[in-house]
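Protein chains: 2
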Amino acid sequence: MINEGTALMVIRSSNWNRRVRDMIKSMEMRMSSAEDCCAGVIPFEQPLKTNPAAERRRSPDTACSSCSAHKQAVCSGFSDEEMEDFGRNVRTRIVKTGQSVYREFEEAKYFYTIVSGEIRLANLLDDGRRQVTAFKTVGDVIGEHKAGYYQSDAEAVCDTVVCQIPIKVMDKYLAENQAIRSVLTSKMQEELHELRLHAILLGRKTPVEKIATFFLGRAENLISEGEDEVEITLTMGRSDIADFLGLTIETVSRTITKLKNLGIIDVPSTHSIVIKDVHQLESLAEGEK
Amino acid sequence: MINEGTALMVIRSSNWNRRVRDMIKSMEMRMSSAEDCCAGVIPFEQPLKTNPAAERRRSPDTACSSCSAHKQAVCSGFSDEEMEDFGRNVRTRIVKTGQSVYREFEEAKYFYTIVSGEIRLANLLDDGRRQVTAFKTVGDVIGEHKAGYYQSDAEAVCDTVVCQIPIKVMDKYLAENQAIRSVLTSKMQEELHELRLHAILLGRKTPVEKIATFFLGRAENLISEGEDEVEITLTMGRSDIADFLGLTIETVSRTITKLKNLGIIDVPSTHSIVIKDVHQLESLAEGEK
DNA sequence: CGATTGGTTGAAGCCCATCAAGTCGGGTGG
DNA sequence: CCACCCGACTTGATGGGCTTCAACCAATCG
Chain B
1 MINEGTALMV IRSSNWNRRV RDMIKSMEMR MSSAEDCCAG VIPFEQPLKT NPAAERRRSP
61 DTACSSCSAH KQAVCSGFSD EEMEDFGRNV RTRIVKTGQS VYREFEEAKY FYTIVSGEIR
121 LANLLDDGRR QVTAFKTVGD VIGEHKAGYY QSDAEAVCDT VVCQIPIKVM DKYLAENQAI
181 RSVLTSKMQE ELHELRLHAI LLGRKTPVEK IATFFLGRAE NLISEGEDEV EITLTMGRSD
241 IADFLGLTIE TVSRTITKLK NLGIIDVPST HSIVIKDVHQ LESLAEGEK
Chain C
1 MINEGTALMV IRSSNWNRRV RDMIKSMEMR MSSAEDCCAG VIPFEQPLKT NPAAERRRSP
61 DTACSSCSAH KQAVCSGFSD EEMEDFGRNV RTRIVKTGQS VYREFEEAKY FYTIVSGEIR
121 LANLLDDGRR QVTAFKTVGD VIGEHKAGYY QSDAEAVCDT VVCQIPIKVM DKYLAENQAI
181 RSVLTSKMQE ELHELRLHAI LLGRKTPVEK IATFFLGRAE NLISEGEDEV EITLTMGRSD
241 IADFLGLTIE TVSRTITKLK NLGIIDVPST HSIVIKDVHQ LESLAEGEK
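Here is the structure:
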């Protein structure tokens, strides 16, 4: 797999860096799957076509109305009739771990709502440095574009299902429908808020504070009143966390073990963290030593 | 014309002075009573009250229609009649260098459009560390709030004039008016884009790259085709730059002198930078050594 | 079982923050 | 007008913390 064709991989830093491996991996994925039909696109009706009975049973609108993400998604404001129309205009796409939904500078044709799974939005510098600007999850809308082109890479952190909405269709709804407009606006506002918080984190927080903040963000919806202990799942790998927090993998790893040694968290497995003292972690996140 | 009421005119940079003066001249008629405004608001009609003739001559709509920021602001999409209505609902506020338009956690009642000058949006950590998330300038809208409270401090980098729009009024326009909606949406999208770019800068760029990027951003609208040299004005001080870029004042200073010694920029005064080689600076900004 | 991948840990070096002193310029008051 | 002061900026010296480089470990898989 690694042959002369990949000679372009000659990098200044002589070591066999993780990040370079990531790059190769993602390039290979792109190459191997880059047919005209985008990687991972599965027309919604495809599985249904094989089963005429099912096809009859499920009209397009049923598909959408039974969507597990409906309540959190942009379409939540639609009436039944609108949903029916909406369902005719969207496609479901399955994106496997590591594959991209779209890439920076690619022509923007669709918005996507995440139905299940998790997406990272990332940008690359020419020399391979990467910044993950956000992790997006169920109900979030991705597809930010400017002058017709996407502004980041959108890659699946784990196997993910997205709902593909043509931009033109979305524009139509936005022009006509007050409900979807306000949903989308509030989502944008939330996004702005998160990016601002993230700027504070990136610019001014220490590694410990960054990791603590990150964990707490992941725990946000899981913390129950009066409960100190929460278990969170880290869908993404260490390098995603590092690139999200502006650190190196090593620092991420070291910081996590430091928190573990302090007894504030427990790490049953690499992708699972148990916050044992939420309050103390909150103190750390805000810099109170 | 320039009397005690306009004591705010004491400004360092002379061209700046001129802009503010023009500003005041163009709007001196539109202010109505401002007794409920906080410090920094200077009742505008103070000098006018002495001149009833002028007061009669100028109706409120003229004030807005002669606004120097109109073309860049949210109100740019309004028809004449709408502008008239709009003009009745807004107030002009003068904010002197260092004063705040609003503060984080303060109850949000207004949006603001910047008419002239420059505003920094900043957030503080408990121990005093600060992150400037954006510099906002003529035509930009500030006043982002969540659950009824502002999300950052908005402080004047230099003497600044803002147009104060009650949120309720804005909401009304947004509900009714397609034009203002699309203007505001595109402003939000632009803001999202900038915050993402800023995240890349904060998380992954070196001090040199940060400073170079910052300067180029400031030069963006000034660069003319085929011209290598551009002069930019740094309205803000070094500490603002530092807090914007996630650095210390010392590193900012050192980096600027480094660029100066490389012959890429010239520093005629602390608040003025001449980019002598735009192309080379662009290379530095992207990390090409 | 080797090979590969993702993660952890160790050692060394460098860059940036910190602390501290020095400089410049604008403003004030004698 | 000059001396002085103050704040903003620059420059210098030092140390620590994060990155870098490198080895190691554990799990997964052909």
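Same order as they appear, the protein sequences are chains B and C. Here the first sequence is numbered in UniProt numbering, starting from 1 and rising by one per residue. Here the second sequence is numbered in UniProt numbering, starting from 1 and rising by one per residue. Where is the CB? At the ideal position from N, CA and C, for every residue including glycine. From a predicted model like this one, the values you see are computed outputs, not experimental measurements.
Item to check | Simplified DSSP state of Val-138 (chain B), which is helix, strand or coil | outcome: In the structure shown, Val-138 (chain B) sits in coil (DSSP, three-state: anything other than H, G, I, E or B).
Item to check | At least 3 beta-carbon pairs within less than 8 angstroms: the segment 99 to 110 of chain B vs the segment 262 to 271 of chain C | outcome: Too few Cβ pairs lie closer than 8 angstroms, so no.
Next on the checklist: Applying the 10 Å Cβ sphere with the 16-neighbour rule, what's the burial state of Val-183 (chain C)?
Outcome noted: Classification of Val-183 (chain C): buried, given that the 10 Å Cβ count is 16 or more.
Next on the checklist: On a Cα-Cα basis, can you pick out the residue from C:Leu-195, C:Asp-240, C:Glu-81 and C:Leu-281 that is closest to His-271 (chain C)?
Outcome noted: C:Asp-240 is the residue among C:Leu-195, C:Asp-240, C:Glu-81 and C:Leu-281 whose C-alpha sits nearest the C-alpha of His-271 (chain C).
Checklist entry - Taking the continuous beta strand (DSSP E) assigned at Asp-126 (chain B), which residues delimit it? => result Asp-126 (chain B): not part of any beta strand (DSSP E); DSSP gives it neither H nor E.
Item to check | Lys-109 (chain C): contacting residues in chain B (beta-carbon distance under 9 angstroms) | outcome: Simply none; closest approach about 17 angstroms.
Checklist entry - For Val-115 (chain B), which option in B:Phe-214, B:Lys-71 and B:Ser-253 has the closest C-alpha, if you only look at C-alpha atoms? => result Of the candidates B:Phe-214, B:Lys-71 and B:Ser-253, the one whose C-alpha sits nearest the C-alpha of Val-115 (chain B) is B:Lys-71.
Checklist entry - By how many angstroms is the C-alpha of Leu-121 (chain B) removed from the C-alpha of Tyr-150 (chain B)? => result If I take the Cα positions, the gap works out to 11 angstroms.
Checklist entry - Would you say Asp-22 (chain B) faces chain C, with C-beta separation under 8 angstroms as the test? => result Any reading at Asp-22 (chain B) must be qualified, since the residue scores a pLDDT of 45, below 50, and its modelled position is unreliable; the value itself is stated next. Closer than 8 angstroms: no.
Checklist entry - With a cut-off of 8 angstroms, does the C-beta of Ala-154 (chain B) fall near any C-beta of chain C? => result For Ala-154 (chain B), the closest Cβ of chain C is not nearer than 8 angstroms.
Item to check | Contact list for Leu-125 (chain C) against chain B, beta-carbon separation under 9 angstroms | outcome: Here the neighbours are Ile-200, Arg-204, Lys-205, Glu-209, Glu-286 and Gly-287.
Checklist entry - According to the Cβ coordinates, are Thr-113 (chain C) and Ala-179 (chain C) closer than 8 angstroms? => result At the C-beta level, Thr-113 (chain C) and Ala-179 (chain C) stay beyond 8 angstroms of one another.
Checklist entry - Beta-carbon of Ser-116 (chain C) versus every beta-carbon of chain B: anything under 8 angstroms? => result No, because no Cβ of chain B sits closer than 8 angstroms to the Cβ of Ser-116 (chain C).
Next on the checklist: Please state whether the Cβ-Cβ distance between Val-95 (chain C) and Asp-243 (chain C) is less than 8 angstroms.
Outcome noted: The answer is no: Cβ separation not under 8 angstroms.
Next on the checklist: I need the DSSP call for Thr-257 (chain B), collapsed to helix, strand or coil.
Outcome noted: In this structure, Thr-257 (chain B) counts as helix in the three-state DSSP scheme.
Checklist entry - Pick from C:Thr-185, C:Asp-171 and C:Ala-134: whose alpha carbon is nearest that of Leu-202 (chain C)? => result Ranked by Cα distance from Leu-202 (chain C), the first of C:Thr-185, C:Asp-171 and C:Ala-134 is C:Ala-134.
Item to check | Chain-ordered neighbours of Gln-151 (chain B) on chain C, where CB pairs are closer than 8 angstroms | outcome: Correct list: His-193 and Arg-196.
Next on the checklist: Do Ser-152 (chain B) and Arg-204 (chain C) count as a contact pair if the criterion is CB distance below 8 angstroms?
Outcome noted: No. Outside cutoff.
Next on the checklist: If we require 3 or more residues per run, which beta strand (DSSP E) segments fall completely within the segment 183 to 266 of chain C?
Outcome noted: Fully contained in the segment 183 to 266 of chain C are the following beta strand (DSSP E) runs of length 3 or more, in chain order: 230 to 233.
Checklist entry - Would you report the Cα separation of Pro-166 (chain B) and Arg-91 (chain B), rounded to the nearest angstrom? => result In this structure, the CA atom of Pro-166 (chain B) is about 9 angstroms from the CA atom of Arg-91 (chain B).
Checklist entry - Using Cβ-Cβ distances below 9 angstroms, what residues of the segment 126 to 147 of chain B are close to chain C? => result Within the segment 126 to 147 of chain B, those residues whose Cβ lies closer than 9 angstroms to any Cβ of chain C are, in chain order, Asp-126, Asp-127, Arg-129, Arg-130, Gln-131, Val-132, Thr-133, Ala-134, Glu-144, His-145 and Lys-146.
Checklist entry - Once you ignore the five residues that flank Glu-194 (chain C) on each side, which residues in its own chain have a CB closer than 8 angstroms to its CB? => result Cβ neighbours of Glu-194 (chain C) beyond the five flanking positions: Ala-134.
Next on the checklist: Does chain C have any CB closer than 8 angstroms to the CB of Met-31 (chain B)?
Outcome noted: Bear in mind that the predicted position of Met-31 (chain B) carries a pLDDT of just 40, short of 50, making it unreliable; the figure below should be weighed with that in mind. The Cβ of Met-31 (chain B) sits no closer than 8 angstroms to any Cβ of chain C.
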